[in-house]
Amino acid sequence: MTDTLLFNNLYVYLFVALFLISAGILGVLYRKTLIGMLISLELVMNGVGLNFVALSRLNNGSGVAGQVFTLFIMGIAAAEAAIALGLIIFIFRRYRHIESEKLKEMKD
Amino acid sequence: MTLGEIIFVFMTLVTIFGALATVLMSSMIYALIGLIVTMFGIAGLYVYLNAPFVAMMQILIYVGAICILIVFAVMIAGPHYLRRRPIKEWKISKLLIAFAISVFTFLIFLTFIRGNFDGDGKMALINTKDLGRALFDTYAFPFELISLLIMVSIVGAIMLVLSSKEEK
């Protein structure tokens, strides 16, 4: 890195994105309710998007691919949130709880 | 240390502590507020990466759409999930798995740092016009697929909720 300013350093962005992904994985494994797992999954998606934009910008930044794919990630996250919340409401109406460890069967 | 660097460090700390609050808060509403704070921090980092359109979309889509959707789901699924959970309910195996995955990704990060980049670290200037032209020109087919995916998921969510209402 020729530039000495802190916000032009690629590794800072990569470290923040790594922290977001690790925290999201911890949340998916640690949370009990389905909504908590969904929130943690959003953290993972944000970390990946930050990785895309930072690598596309600061590593010989010669293209718009990183930003475009981050926008695609946002679209996929919106679709995934809609379908996951529909499923959560469906499960809540059937079982009256949304704790993932107590869901033994999804059949019928 | 210039003013820009101070604001950058502030945005980084906001992102990191927001993520910690999202994962570790026992109340679901507080975790959601932590997620919103994290979104704002990441939007600030996008501004520092010279991507203001992505930053605006971050706030608009994540905070304005997804977080509000999750708030509605929390309200429907009942506020008795806002109870506090004692710390002895932590499963040690899950913590070990999360720690192992984190150490693995951190090792990948370290080997990534040791290698040298081909790029010179300079920022190219990409404005929103280039972004829109690429979105509707080069990536037109994935863009249409995303719109189809969102429509199918919305119809699927409506079908799920309506079918569960009929059974009651």
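Just so you know, the protein sequences line up as chains A and B, in that order.
Position 93 of the first sequence, counted from 1, bears residue number 1271 in the numbering used here, the numbering being contiguous throughout.
Position 28 of the second sequence, counted from 1, bears residue number 32 in the numbering used here, the numbering being contiguous throughout.
Each residue gets a CB set at the ideal place from its N, CA and C atoms; glycine is no exception.
Alpha carbon of residue i to alpha carbon of residue j, nearest angstrom
i, j, result
"I1261(A)", "T16(B)", "31 angstroms"
"C71(B)", "V78(B)", "10 angstroms"
"T142(B)", "I150(B)", "14 angstroms"
"A35(B)", "I1199(A)", "16 angstroms"
"I1266(A)", "R118(B)", "44 angstroms"
"L86(B)", "L28(B)", "Bear in mind that a pLDDT of 49 at L86(B), under 50, signals an unreliable position, so the number given afterwards is only what the model happens to contain. The straight-line gap from Cα to Cα measures roughly 13 angstroms."
"R1274(A)", "V159(B)", "24 angstroms"
"G1253(A)", "T109(B)", "26 angstroms"
"T1264(A)", "I1251(A)", "Checking the sequence, you will find Gly at residue 1264(A) rather than Thr. Each residue's alpha carbon lies about 20 angstroms from the other."
"R1271(A)", "M163(B)", "14 angstroms"
Which listed residue (the options) has its alpha carbon closest to that of residue i
i, options, result
"M61(B)", "L1236(A), I1213(A) and T1248(A)", "T1248(A)"
"I74(B)", "A1257(A), F1185(A) and F1250(A)", "A1257(A)"
"I1217(A)", "V1231(A), G1202(A) and G1225(A)", "G1202(A)"
"S106(B)", "L1204(A), L1192(A) and Y1191(A)", "L1204(A)"
"L114(B)", "N1224(A), E1277(A) and V1190(A)", "V1190(A)"
Close-in-space but distant-in-sequence residues of the same chain around residue i (CB under 6 angstroms, 5 per side omitted)
i, result
"G48(B)", "M15"
"A25(B)", "G38"
"Y66(B)", "M43"
Residue-level contact to chain A via CB, residue i, 9 angstroms cutoff
i, result
"I105(B)", "yes"
"V58(B)", "yes"
"L139(B)", "yes"
"L36(B)", "yes"
"F44(B)", "no"
"I150(B)", "yes"
"F145(B)", "no"
Neighbourhood of residue i by C-beta distance below 7 angstroms, restricted to the same chain and skipping five residues each side
i, result
"I46(B)", "T19 and Q62"
"R1235(A)", "G1244"
C-beta neighbour in chain B for residue i, strict 9 angstroms
i, result
"V1226(A)", "no"
Neighbourhood of residue i by C-beta, 8 angstroms cutoff - its chain only, sequence neighbours within 5 removed
i, result
"V1206(A)", "M1215, S1218, L1219 and V1222"
"F57(B)", "T132 and L135"
Let me know the alpha helix (DSSP H) ranges lying completely inside the region 1180–1245 of chain A, each 4 residues or longer, listed in chain order. With a minimum length of 4 residues, the continuous alpha helix (DSSP H) runs that stay inside the region 1180–1245 of chain A are 1188–1208 and 1212–1236.
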